[in-house]
Amino acid sequence: MTGLCLALGTQPARAGGQIELCLARHPVENSFVQNAAAHGPIHVPAGTALNYAGHAFGPASDPLDRAHAAPDGDGWRNIPPAEEAHRRDLQMEDIGGDSRYHRPQAALMTTAAVTLSPTRPCAQVGATALLSDDWTWTMDTIPARPDMYFQAYGTVRGDQLDPTFNNDADPFQWTAAHGALNAIVTRTVDQSLTLRSPD
Numbered sequence: 003m004t005g006l007c008l009a010l011g012t013q014p015a016r017a018g019g020q021i022e023l024c025l026a027r028h029p030v031e032n033s034f035v036q037n038a039a040a041h042g043p044i045h046v047p048a049g050t051a052l053n054y055a056g057h058a059f060g061p062a063s064d065p066l067d068r069a070h071a072a073p074d075g076d077g078w079r080n081i082p083p084a085e086e087a088h089r090r091d092l093q094m095e096d097i098g099g100d101s102r103y104h105r106p107q108a109a110l111m112t113t114a115a116v117t118l119s120p121t122r123p124c125a126q127v128g129a130t131a132l133l134s135d136d137w138t139w140t141m142d143t144i145p146a147r148p149d150m151y152f153q154a155y156g157t158v159r160g161d162q163l164d165p166t167f168n169n170d171a172d173p174f175q176w177t178a179a180h181g182a183l184n185a186i187v188t189r190t191v192d193q194s195l196t197l198r199s200p201d
């Protein structure tokens, strides 16, 4: 009988974090935000940085729950009054209207490339937390929570962030610049990368 010997580390293996990354949708209109789908498939590169954007009231494809948005844009239809009041309180926290709330100083980046399209608007992808004195990102562990969403903010190259999305001919940059690429953490992100300040 032949044996196989494996060397194991003294620390448990980490699975790494995971996010659900989605193109934003307006289910009320059943179309992608500002016709982003007209640009075709969107190649989202590894190293795409996403910043904490606020409380989520729906999935990553519709974190602000526009499916239930009132026609005038003020509030939501067909949800209980207590839920609407709760959402309004959370919105006040997000915009700084509640001094007791401390907004999470969190960002993350994708660890693999993925292609999204109208037929595949969402994908699960690995993620790493970003730490930066310049950008005030301090959370080295980001919990899996369906009530927090992140929005594309830039791309990481090496250990530096490029926050510009200025090439409208690039479907990824156009989509990111229009706020149409969101994520929700689905498996706790427990690994991090510290960004270096530009020289």
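Take 3 as the starting number for the sequence shown in the working numbering and just add one per residue. No residue lacks a Cβ here, since even glycine has one placed at the ideal position from N, Cα and C.
Alpha carbon to alpha carbon, how far is residue j from residue i? Give it in angstroms, no decimals.
i	j	result
R79	F59	13 Å
A182	Q93	19 Å
G19	R198	22 Å
V169	H70	First, the residue type needs correcting, since residue 169 is Asn and not Val in the sequence shown. When rounded, the distance between both Cα atoms is 33 Å.
P1	V191	There is no way to answer for residue 1, as the model of the chain reaches only from 3 to 201.
V187	Q193	13 Å
T140	G77	32 Å
D164	P61	27 Å
P43	T166	21 Å
T113	I97	30 Å
Have a look at the DSSP bridge pairing and note the partners of residue i.
i	result
D172	BP columns for D172 are empty, so no partner.
Q20	G128 and R189
N53	A109 and Q153
W78	A71
L133	T196
T117	H45
R147	Paired residue(s): none; R147 is not in a bridge.
L183	L25
Using 10 angstroms around the beta-carbon of residue i, count the other beta-carbons present and answer buried if the total reaches 16, otherwise exposed.
i	result
A131	buried
P173	buried
E85	exposed
G205	It is not possible to answer for residue 205, since the shown part of the chain is limited to 3 through 201.
Which residue's Cα is closest to the Cα of residue i: the options?
i	options	result
L66	N184, T188 and L195	N184
A108	H45, T157, P123 and N53	N53
G156	Q175, P148 and T143	Q175
M150	R89, A48, G49 and A179	R89
C24	Q162, F152 and R159	F152
Please decide whether residue i counts as near chain E, where near means a Cβ-Cβ distance under 9 Å.
i	result
E86	Included in the structure is just one protein chain, with no chain E present.
Quick check: is any heavy atom of the ligand NAD less than 8 Å from the C-beta of residue i?
i	result
Q126	With respect to the ligand NAD, the structure shown offers nothing to examine, as it has no ligands at all.
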